[in-house]
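So the mapping is simple: the working numbering equals the position in the sequence shown, first residue as 1, plus 27.
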Amino acid sequence: MVADRLAARQWEAYLAERVVGRECRAWPGPLAETYREWTERIWLLRAAPDAPVLLAPRQSAALWRRVVAESAEGPELLGVAGAAAWAEDAWRRVAAWRIDLRPFDAARHGTDFGAFLRWAEDYRTRLADGGWIDAAGLDAALAAAVELPSVPVVLADFEATPAQEKVIERLRASGATITTAAPPECPGAAYRIRCADPLDELRAAAAWAARRLDEHPSARVAIVVDDLAERADEVRRALLETLGGGNASPPPLFVAAPAADVDALPLAGAALNALELVSPKGAFSHLSRWLRNPRFHWDPRSSAAAARAEAKLREALGASLPFLEAYRRAGLADRLRAAAPDAAAKLDAALDLLGLDGAARTPAQWVRIWPPVLEALGWPGWPEGDAAGDAERQSWERALEDVARLTPIVGAIRAPRALAELEAGLRGGPLAPMPVTGIHVLADLGDVGPGYAGCWVAGVAATAYPRPVRVNPLLPRSLQAEHGLPWSSPRDALLRSRALVARLIARVPEAVLSWPARVRDEAADPSPLIRDLRPLERPIPGPARRPDPPPRARETVADPPPPLAEPEIRGGVAAVAAQALCPLRAFCEHRLGARPLARPEPGVPARLQGVILHRALERFVRRYASRDALSAAAGPEIAAAARSATRAAAAETFGAARDALPALLEIESQRAAALIEAFAAKELERSPYRVKALEWPLEIEIRGKTIRCRIDRVDELAGGDGLAVIDYKSGHAPQAPRADALRGDLQLPIYAVALSPGVAALAVAALRAERVGYLGIWPRGAFPGRPRDTGEHATLDALIEAWRSAIHALVDAYAAGDTRFFLGDDAAAGPYAPLTRVHEQTALHRGWLAPWSPP
Numbered sequence: 028m029v030a031d032r033l034a035a036r037q038w039e040a041y042l043a044e045r046v047v048g049r050e051c052r053a054w055p056g057p058l059a060e061t062y063r064e065w066t067e068r069i070w071l072l073r074a075a076p077d078a079p080v081l082l083a084p085r086q087s088a089a090l091w092r093r094v095v096a097e098s099a100e101g102p103e104l105l106g107v108a109g110a111a112a113w114a115e116d117a118w119r120r121v122a123a124w125r126i127d128l129r130p131f132d133a134a135r136h137g138t139d140f141g142a143f144l145r146w147a148e149d150y151r152t153r154l155a156d157g158g159w160i161d162a163a164g165l166d167a168a169l170a171a172a173v174e175l176p177s178v179p180v181v182l183a184d185f186e187a188t189p190a191q192e193k194v195i196e197r198l199r200a201s202g203a204t205i206t207t208a209a210p211p212e213c214p215g216a217a218y219r220i221r222c223a224d225p226l227d228e229l230r231a232a233a234a235w236a237a238r239r240l241d242e243h244p245s246a247r248v249a250i251v252v253d254d255l256a257e258r259a260d261e262v263r264r265a266l267l268e269t270l271g272g273g274n275a276s277p278p279p280l281f282v283a284a285p286a287a288d289v290d291a292l293p294l295a296g297a298a299l300n301a302l303e304l305v306s307p308k309g310a311f312s313h314l315s316r317w318l319r320n321p322r323f324h325w326d327p328r329s330s331a332a333a334a335r336a337e338a339k340l341r342e343a344l345g346a347s348l349p350f351l352e353a354y355r356r357a358g359l360a361d362r363l364r365a366a367a368p369d370a371a372a373k374l375d376a377a378l379d380l381l382g383l384d385g386a387a388r389t390p391a392q393w394v395r396i397w398p399p400v401l402e403a404l405g406w407p408g409w410p411e412g413d414a415a416g417d418a419e420r421q422s423w424e425r426a427l428e429d430v431a432r433l434t435p436i437v438g439a440i441r442a443p444r445a446l447a448e449l450e451a452g453l454r455g456g457p458l459a460p461m462p463v464t465g466i467h468v469l470a471d472l473g474d475v476g477p478g479y480a481g482c483w484v485a486g487v488a489a490t491a492y493p494r495p496v497r498v499n500p501l502l503p504r505s506l507q508a509e510h511g512l513p514w515s516s517p518r519d520a521l522l523r524s525r526a527l528v529a530r531l532i533a534r535v536p537e538a539v540l541s542w543p544a545r546v547r548d549e550a551a552d553p554s555p556l557i558r559d560l561r562p563l564e565r566p567i568p569g570p571a572r573r574p575d576p577p578p579r580a581r582e583t584v585a586d587p588p589p590p591l592a593e594p595e596i597r598g599g600v601a602a603v604a605a606q607a608l609c610p611l612r613a614f615c616e617h618r619l620g621a622r623p624l625a626r627p628e629p630g631v632p633a634r635l636q637g638v639i640l641h642r643a644l645e646r647f648v649r650r651y652a653s654r655d656a657l658s659a660a661a662g663p664e665i666a667a668a669a670r671s672a673t674r675a676a677a678a679e680t681f682g683a684a685r686d687a688l689p690a691l692l693e694i695e696s697q698r699a700a701a702l703i704e705a706f707a708a709k710e711l712e713r714s715p716y717r718v719k720a721l722e723w724p725l726e727i728e729i730r731g732k733t734i735r736c737r738i739d740r741v742d743e744l745a746g747g748d749g750l751a752v753i754d755y756k757s758g759h760a761p762q763a764p765r766a767d768a769l770r771g772d773l774q775l776p777i778y779a780v781a782l783s784p785g786v787a788a789l790a791v792a793a794l795r796a797e798r799v800g801y802l803g804i805w806p807r808g809a810f811p812g813r814p815r816d817t818g819e820h821a822t823l824d825a826l827i828e829a830w831r832s833a834i835h836a837l838v839d840a841y842a843a844g845d846t847r848f849f850l851g852d853d854a855a856a857g858p859y860a861p862l863t864r865v866h867e868q869t870a871l872h873r874g875w876l877a878p879w880s881p882p
């Protein structure tokens, strides 16, 4: 009998060492059972027929949450779950150390202890009314009213509480033989060593462990990491990186930390995400993961359509709404039916099963309805013959069973609460299988069982050892110290910490205790518990070097980018502008169609803000199509026209989402109307003009290639002075056209080349809250502000001809398949770096990497 499942596995492996390595392929294993498993089994087998029903741990926790939530203090608590966990822990301690709460009066004690006493009385009453007993009260019930078996029992590494001692006394009185077991002491060596930081500790521990296993391949070694639950992923990465260096294959690695996040369970996590999607807690992130998961969309065509739909929906207004609201009220259903009909059909089927009322159900009812909902969403079931999949399936079924058991405790609950219970059950799943040999990473010194060939303990700094006092905040500290609860006083914590270190040193042939010189930005000192150990002055040996594998044959295939065969440049002006900044990015973005996924954000996306403003300006300018018409209007009339134009443009852009987002539509209308009013004031400062065209579609032919574009606005200047081409810019840092066409925004230069001769002005209308005005090149007085000069070119026409030559060269390079990138320019980096390989190519160019050459 042992304390927990980890100890049971260690003792099973230790007792099996006498046969491991022999020719036998199977052997009878010892029965190592935890005390909790043993008491539950005895209660189920030997309790009276009318005995109370034993609650599972999740049931007890749920009952405590209900007690605290329904108490007088419940509404005032910031969170019920934390207080309920403290109360449950205090209840366990009181039962384990046989503390009688009856003499205490809740009204005469402090707020916290008094609240716990009231909660404990309510909890005890609910247990009695329900005919239940929990694990905390099981020891007292076994010691008082159950006939215990007279079988031999071996207590291994087991420190009994007072309540457990009563059960053991009763067991001995029944005729059972009770002995204790401990591994033989090893006259080993213990060392202390300082490392640079926590990561350096892990690497040194891995190198030490690999060397120990090289010397004893059939052994197992332990590494203790204090904060393993929070650092489990970091620990795995650091150990595998170190162990993989120079080794054909790393030794078996076991990390004694259950999954802290459901994301670590890809299959179960995908199923949970799908259920969350069709619940009131569903958001666009749930829809995104479901649409892109091939397990739900196994048909290649359906999967591709779902992924394309997801990319488009990221920029939709519905992405900021809860999924059910967006699907039912904001037009998301229609958009999804048009883009991915198979996915929409699955969602409709699942929502039909759940109904529209969002009614509460009992946990057992939720467990019954979830499988058909998953099947409707496309869930193909659990994979057969896959060890990892089988483990996740077992975790899923165990979590469902735990949820169903909550029915008599919590009654009817709504979907978010039921899914939260399911997620909690998945998060605390069982440990992974423990290999008999290899490296075991443990979370505490007390977890080091028998049979290890060595142990490295990381983080033995003065701030961590001796272990700090650990008390329950709901119980008076004096009460806990008086009854001798573990870690309840500084003296007890010091004695227990010393005992743990001494136990480790006596248990393994070699113990290394390390501490980091620095933790983050703070210096760390060694624990006083290890100052008398011998320093480990020799360097930590690395793992034995394996022979390098024979070189694999490599083949270099010349694959130059092909020239553009189509007559049209897809992407239009943007493709040519991208060619000027980075040819390689232009090729990826416009020839290959590679685009980074938009990031859904609350509110109106910047792209849609620009669409609303452009549509509103088109309406407004059509109404006031000249300076004379604008100057004839009074201020209130202009303000009303701006509001009317922006409301109409916003309603058109919002589409089906306008009824679901009325406040956001009004805010965006007011924002755009204010910009248009400021823009109208700037328009009145111009010389006379007349609008010639708005949203003018053009097909431009350059060097045999067609470029399709749409010009925001073209004005005729007064007196026949020529045309003014205007481009609206509401994004970040708008720029005027530059004399050097290859270093600025090419939109206006390309328009000028297409419309010349006759272009007299090129203006960017900057429409931003911090500035509304014009940037560009124009005749004196045509626009307010100072125009940009034409550089070395005497006239705008001469500058346009220079632009023409530069644009022709860019089009030729783009059409020829130019894929260069420019050093020092980050245009090829960011989301395009995996395609452009910009960092690797830069390192090769600068000599940081040696180019590969065939042997």
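Quick reminder that beta carbons are idealized off the backbone N, C-alpha and C, glycines included.
Rounded C-alpha distance that separates residue i from residue j
i	j	result
residue 396	residue 683	31 Å
residue 41	residue 35	10 Å
residue 822	residue 646	34 Å
residue 284	residue 594	60 Å
residue 86	residue 516	32 Å
residue 540	residue 531	10 Å
residue 274	residue 229	Only weak support exists for where residue 274 lies, its pLDDT of 48 falling under 50; the value from the coordinates is given anyway. Between residue 274 and residue 229, the C-alpha separation is close to 18 Å.
residue 298	residue 401	7 Å
residue 867	residue 857	14 Å
residue 100	residue 434	25 Å
residue 257	residue 407	33 Å
residue 109	residue 332	44 Å
residue 845	residue 614	8 Å
residue 414	residue 279	16 Å
Opposing strand residues paired with residue i [DSSP bridges]
i	result
residue 553	488
residue 541	220
residue 160	81
8 Å Cβ cutoff met for residue i and residue j
i	j	result
residue 336	residue 366	yes
residue 842	residue 627	no
residue 766	residue 817	yes
residue 733	residue 703	no
residue 855	residue 863	yes
residue 302	residue 317	no
residue 3	residue 357	The requested residue 3 does not occur in the structure, where the chain is confined to residues 28 to 882.
residue 695	residue 677	yes
residue 199	residue 205	yes
Range covered by the beta strand (DSSP E) that runs through residue i
i	result
residue 673	Taken as a continuous stretch (DSSP letters only), residue 673 belongs to no beta strand (DSSP E), being part of the alpha helix (DSSP H) at 662 to 681.
residue 13	Beyond the ends of the chain as shown, which are 28 and 882, falls residue 13; an answer cannot be given.
residue 465	465 to 469
residue 724	716 to 729
residue 732	732 to 744
Span of the alpha helix (DSSP H), counted from its first residue to its last, around residue i
i	result
residue 354	350 to 356
residue 756	No alpha helix (DSSP H) contains residue 756, which is instead part of the beta strand (DSSP E) from 750 to 756.
Closer than 8 Å to chain D by CB, residue i
i	result
residue 835	No chain D is part of this structure, which consists of one protein chain only.
Q) For the region 471 to 486 against the region 240 to 254, are there 3 or more C-beta pairs whose distance is under 8 Å? A) Output reads yes: the region 240 to 254 touches the region 471 to 486.
Q) Are the region 555 to 566 and the region 517 to 537 in contact at 8 Å, needing three or more beta carbon pairs? A) Segments in contact, yes.
Q: Check whether the region 184 to 196 touches the region 123 to 130, counting contact only when three or more Cβ pairs, one atom from each stretch, lie closer than 8 Å.
A: Because the criterion of three Cβ pairs below 8 Å is met, the region 184 to 196 and the region 123 to 130 touch.
Q) Is the region 846 to 854 in contact with the region 606 to 624, if contact means three or more CB pairs nearer than 8 Å? A) Touching, yes, given that three or more Cβ pairs across the two stretches are closer than 8 Å.
Q.
Three Cβ pairs or more, each shorter than 8 Å: is that satisfied between the region 141 to 149 and the region 104 to 121?
A. Using a Cβ-Cβ distance cut-off of 8 Å, the region 141 to 149 and the region 104 to 121 are in contact, since at least three pairs of beta carbons, one from each stretch, lie closer than that value.
Q. Counting Cβ pairs closer than 8 Å, one from the region 448 to 457 and one from the region 403 to 423, do we hit at least three?
A. In short, these stretches touch, since the Cβ pair count reaches three.
Q: Count the CB pairs spanning the region 787 to 807 and the region 745 to 758 that are closer than 8 Å, and state whether there are at least three.
A: Contact between the region 787 to 807 and the region 745 to 758 is established, with three or more Cβ pairs separated by less than 8 Å.
Q.
Does the region 164 to 183 come into contact with the region 505 to 519, if we say contact requires no fewer than three beta-carbon pairs (one atom in each stretch) closer than 8 Å?
A. The region 505 to 519 and the region 164 to 183 do not touch, with fewer than three beta-carbon pairs separated by less than 8 Å.
Q: Evaluate the contact criterion for the region 337 to 350 versus the region 463 to 472: three or more CB pairs, one atom per stretch, below 8 Å.
A: Taking 8 Å as the limit for Cβ pairs, the verdict is that the region 463 to 472 does not touch the region 337 to 350.
Q.
Check whether the region 86 to 98 and the region 433 to 453 touch, using three or more Cβ-Cβ pairs below 8 Å as the test.
A. They touch, by the three-pair rule.
Q) Is the region 170 to 177 touching the region 149 to 159, taking contact as three or more C-beta pairs under 8 Å? A) With the rule of 3 Cβ pairs closer than 8 Å, the region 170 to 177 does not count as touching the region 149 to 159.
Q.
If contact is defined by three or more beta carbon pairs under 8 Å, each pair taking one atom from either stretch, is the region 364 to 379 in contact with the region 660 to 669?
A. They do not touch, by the three-pair rule.
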